[in-house]
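There are 2 protein chains.
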Amino acid sequence: MEDQLSATFAALADPTRRAILARLAMGETSVTELAEPFQMSMPAVSKHLKVLERAGLVARGREAQWRPCRLDAAPLKEAAGWLEAYRRFWSAHVDALERYLDRMEHAKPAKKNTNNKRRGSDRKKEK
Amino acid sequence: MEDQLSATFAALADPTRRAILARLAMGETSVTELAEPFQMSMPAVSKHLKVLERAGLVARGREAQWRPCRLDAAPLKEAAGWLEAYRRFWSAHVDALERYLDRMEHAKPAKKNTNNKRRGSDRKKEK
DNA sequence: AGGTTATATAACCTATTGGTTAAATATTAG
DNA sequence: CTAATATTTAACCAATAGGTTATATAACCT
Numbered sequence: 403m404e405d406q407l408s409a410t411f412a413a414l415a416d417p418t419r420r421a422i423l424a425r426l427a428m429g430e431t432s433v434t435e436l437a438e439p440f441q442m443s444m445p446a447v448s449k450h451l452k453v454l455e456r457a458g459l460v461a462r463g464r465e466a467q468w469r470p471c472r473l474d475a476a477p478l479k480e481a482a483g484w485l486e487a488y489r490r491f492w493s494a495h496v497d498a499l500e501r502y503l504d505r506m507e508h509a510k511p512a513k514k515n516t517n518n519k520r521r522g523s524d525r526k527k528e529k
Numbered sequence: 403m404e405d406q407l408s409a410t411f412a413a414l415a416d417p418t419r420r421a422i423l424a425r426l427a428m429g430e431t432s433v434t435e436l437a438e439p440f441q442m443s444m445p446a447v448s449k450h451l452k453v454l455e456r457a458g459l460v461a462r463g464r465e466a467q468w469r470p471c472r473l474d475a476a477p478l479k480e481a482a483g484w485l486e487a488y489r490r491f492w493s494a495h496v497d498a499l500e501r502y503l504d505r506m507e508h509a510k511p512a513k514k515n516t517n518n519k520r521r522g523s524d525r526k527k528e529k
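Heads up: the sequence lines are chains U and Z, in that order.
Counting in this note's numbering, the first sequence runs from 403 upward without gaps.
Counting in this note's numbering, the second sequence runs from 403 upward without gaps.
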């Protein structure tokens, strides 16, 4: 997973890690405190932190025996930018247009519209 | 990976899948055409499509022997919404505000900040 | 029916992920 | 130095991911 964007999205693809980021958004804290809400072992949290750290989302300091973690949201900016390019595809207005165009598409072809008797995996659009 | 958000981010955490979505943003197309730019086998692309489909990002139809894929960006909306909550952390302007608030937070007990380097959240050590 | 095209599935492989427990490390306190 | 605390690393495990090749399925076209 060489690229930054993949690392960022992969890091976000885990609820534990997202919860850690949410906690860090409230301020810098220690690993132990981060781990507290979860029912997993400390090494597991440590691994999650390493994933976040390698994705550049968490930076750490050293203070005595603590390794305080703090949020570094910079990589999220790139991710948000990527998503932004798709905004028009989820805008409600365009959704309606989409559905309209889709109906046109399916009504248009003069081909014999053989009934879709096939298996149910493509039932999504059949309203 | 039970939740929708995790499925969405996980689906986006692969450059091939992001490229597939980018292609689909230009319009519905077949699996073969989707696979063409990549140097991987067709089953590999098929698997990527299945990941995207289970994440709800791609819907498929049936047209003769083709299974046209089309983008369904709805799940991206939730992802973008999640990221949006962190926008203030990557905006440079608010970054300055953050730092200011952070200093205030840590300077609170005393009046003047006299080189108090300790971070507040891990001070349970005062015995 | 038989052949071609488009796509999916099966079976397999290796690397990575997410978790565990046990041991090591780093730092402070006494 | 020793003990305590915070955290990481090591070794292991099961499940998943991402790829392969070979085979199967589905629909079309003679």
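Think of the CB as a built atom: it goes at the ideal place given N, C-alpha and C, for glycine as much as any other residue.
The C-beta separation of A482/U from A482/Z comes to about 7 Å, placing the pair in contact by the 8 Å criterion. Of all residues in the stretch 450-472 of chain Z, the ones placed with a Cβ closer than 7 Å to any Cβ belonging to chain U are A461, R462, G463, R464, in chain order. For L436/Z, not one C-beta of chain U is nearer than 8 Å to its own C-beta. A straight-line Cα-Cα distance of about 12 Å links T418/U and D405/Z.
With a cut-off of 8 Å on Cβ pairs, the stretch 474-488 of chain Z is not in contact with the stretch 437-446 of chain Z, counting fewer than three such pairs. The count of Cβ pairs closer than 8 Å, one atom from the stretch 445-452 of chain Z and one from the stretch 449-462 of chain U, stays below three, leaving the stretches out of contact.
When 9 Å is used as the limit between beta carbons, S408/U is near these residues of chain Z: L414, A415, D416, P417, R420, in chain order. A straight line joining the alpha-carbon of M428/U with that of R469/Z spans about 46 Å. Contact with chain U is absent for A446/Z, since none of that chain's Cβ atoms lies less than 8 Å from the residue's Cβ. Under a criterion of Cβ atoms nearer than 7 Å, the residues of chain Z adjacent to F411/U are, in order, F411, L414, A415.
Of all residues in the stretch 481-495 of chain U, the ones placed with a Cβ closer than 8 Å to any Cβ belonging to chain Z are A481, A482, W484, L485, E486, A487, Y488, R489, F491, W492, in chain order. Beta-bridge analysis with DSSP links L473/U to V460/U. Each residue's CA atom was taken as its position, placing W484/Z and T410/Z some 11 Å apart.
With fewer than 16 neighbouring CB atoms inside 10 Å of its own CB, A487/Z falls in the exposed class.
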